[in-house]
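Engineer:
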Amino acid sequence: KCAPIEKIYVNEDNLISEMERLQSKWYGEYPADGIVLTKDELVPNRKSSTDVEVIYQANAFKFKAESAVTKVVGVEYNLSKTKYLIPRIQFEQVQLSGTNVSYCAGHNAKYIQDMGIGVGAEIEVLKSGEIIPYLEKVIQPAEVDIPTHCPCCNTELVWNGVHLACPNRECADADIQDVLVW
Numbered sequence: 023k024c025a026p027i028e029k030i031y032v033n034e035d036n037l038i039s040e041m042e043r044l045q046s047k048w049y050g051e052y053p054a055d056g057i058v059l060t061k062d063e064l065v066p067n068r069k070s071s072t073d074v075e076v077i078y079q080a081n082a083f084k085f086k087a088e089s090a091v092t093k094v095v096g097v098e099y100n101l102s103k104t105k106y107l108i109p110r111i112q113f114e115q116v117q118l119s120g121t122n123v124s125y126c127a128g129h130n131a132k133y134i135q136d137m138g139i140g141v142g143a144e145i146e147v148l149k150s151g152e153i154i155p156y157l158e159k160v161i162q163p164a165e166v167d168i169p170t171h172c173p174c175c176n177t178e179l180v181w182n183g184v185h186l187a188c189p190n191r192e193c194a195d196a197d198i199q200d201v202l203v204w
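Start counting the sequence shown at 23; every next residue gets the next number (our numbering).
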């Protein structure tokens, strides 16, 4: 079932209200994360007095994603093939866009540390593009427990920019992750 095409006229004054109106009108029937506005314009061809050129313009407007407030129950760290510890945030399960969600990306160790993402932190999560779980904001930070040793080889971790890294060239988990990627 395709969403109907509807002609609307928008300007700076009514753009937001029109997008909200269309979202409330179509969202339940046509799952979408936004609306695309198009404009066809006939422009005289500069090389010919009888030809015209059709110029097609489009702008996409994203709806604000459904979000939920929840609490962090843990932060998992997994070693990547580059030997960086990549955090994954686990939170109390919430329902977003018709699915149950309990994890989102933690980006890097510095992000976790700076944002105060620890057990008990209160966070707001959403599904970016109606698909990807995303931490929108930290409402109430908590004490952060940053790992100090590699979870695989127990080597002391080092900071490499915003990442915690395992400096052990013989760390087996990095080799396993490299094989899994390839």
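In this text, a Cβ means the ideal position worked out from N, Cα and C, and glycines have one as well.
Reducing DSSP to helix, strand and coil, say where residue 127 ends up.
Structural biologist: What you label residue 127 is simply residue 105 of the sequence shown in a count that begins at 1. DSSP places residue 127 in strand when its eight states are reduced to three.
Engineer: Which residues share a DSSP beta bridge with residue 99?
Structural biologist: Indexing the sequence shown from 1 puts residue 99 at position 77. Paired residues: 109.
Engineer: Give every residue of the same chain whose Cβ lies closer than 6 Å to the Cβ of residue 56, excluding the five residues on either side of it in the sequence, and list them in chain order.
Structural biologist: The residue labelled residue 56 in the question sits at position 34 within the sequence shown. So the list reads 82, 83, 84, 85, once near-sequence residues are dropped.
Engineer: Quick one: Cα of residue 169 to Cα of residue 88, how far?
Structural biologist: Here residue 169 refers to the residue found at position 147 when the sequence shown is read from its first residue. Here residue 88 refers to the residue found at position 66 when the sequence shown is read from its first residue. Answer to the nearest angstrom: the Cα atoms are 32 Å apart.
Engineer: Give the secondary structure of residue 132 by DSSP, where H, G and I count as helix, E and B as strand, and everything else as coil.
Structural biologist: Sequence index remark: in the sequence shown, residue 132 carries index 110 (1-based). In the structure shown, residue 132 sits in a helix (DSSP, three-state: H, G or I).
Engineer: Ignore the nearest five residues each way along the sequence and tell me which others in residue 194's own chain have a CB closer than 8 Å to its CB.
Structural biologist: Walking along the sequence shown from the start, residue 194 turns up at place 172. Correct list, in chain order: 174, 175.
Engineer: What did DSSP end up calling residue 159 once you bin it into helix, strand or coil?
Structural biologist: Here residue 159 is taken as the residue at index 137 of the sequence shown, counted from 1. Strand at residue 159.
Engineer: Quick one: Cα of residue 68 to Cα of residue 136, how far?
Structural biologist: Here residue 68 corresponds to residue number 46 of the sequence shown, with the count starting at 1. Here residue 136 corresponds to residue number 114 of the sequence shown, with the count starting at 1. Looking at the two C-alpha atoms, the distance is approximately 57 Å.
Engineer: Name the one or two DSSP bridge partners that residue 122 has.
Structural biologist: Taking the first residue of the sequence shown as position 1, residue 122 is located at position 100. DSSP output for residue 122 lists 117 as bridge partner(s).
Engineer: If you draw a straight line from the C-alpha of residue 94 to the C-alpha of residue 107, how long is it?
Structural biologist: As a working note, residue 94 is residue 72 in the sequence shown. As a working note, residue 107 is residue 85 in the sequence shown. Whole-angstrom Cα-Cα distance: 19 Å.
Engineer: Looking at residue 141: is its Cβ nearer than 8 Å to the Cβ of residue 90?
Structural biologist: Residue mapping note: residue 141 aligns to position 119 of the sequence shown, counting from 1. Residue mapping note: residue 90 aligns to position 68 of the sequence shown, counting from 1. Contact: no.
Engineer: Could you tell me if residue 92 is buried or exposed, where buried requires 16 or more neighbouring beta carbons within 10 angstroms of its beta carbon?
Structural biologist: As a first step, residue 92 is located in the sequence shown; it is residue number 70 there, counting from the start. Buried.
Engineer: If I measure Cβ to Cβ from residue 126 and keep anything under 7 Å in the same chain, skipping five residues before and after, which residues do I get?
Structural biologist: Within the sequence shown, residue 126 is the residue found at index 104, counting from 1. So the qualifying residues of the chain are 111, 147, 155, 156, 157.
Engineer: Using CA coordinates, which residue listed in 74, 121, 98, 124 is at the minimum distance from residue 134?
Structural biologist: In the sequence shown, residue 134 corresponds to position 112, counting from 1. The shortest C-alpha separation from residue 134 is found at 98.
Engineer: In this structure, does DSSP put residue 179 in helix, strand or coil?
Structural biologist: Within the sequence shown, residue 179 is the residue found at index 157, counting from 1. Of the three classes helix, strand and coil, the one that applies to residue 179 here is coil, per DSSP.
Engineer: Is the separation between the beta-carbon of residue 128 and that of residue 163 shorter than 8 Å?
Structural biologist: On the sequence shown, position 106 is the one that residue 128 refers to. On the sequence shown, position 141 is the one that residue 163 refers to. For residue 128 and residue 163, no; Cβs fall outside 8 Å.
Engineer: If you drop the 5 nearest sequence neighbours on each side, which residues of the same chain put their C-beta closer than 6 Å to that of residue 115?
Structural biologist: On the sequence shown, residue 115 is found 93 positions in, with the first residue counted as 1. Excluding sequence neighbours, residue 115 sits near 122, 124.
Engineer: Spatial neighbours of residue 152 within its chain, please: CB distance less than 6 Å, with the 5 preceding and 5 following residues excluded, ordered by chain position.
Structural biologist: Counted from its first residue, the sequence shown places residue 152 at position 130. Counting only Cβ-Cβ distances below 6 Å, and skipping sequence neighbours, we find 55, 119.
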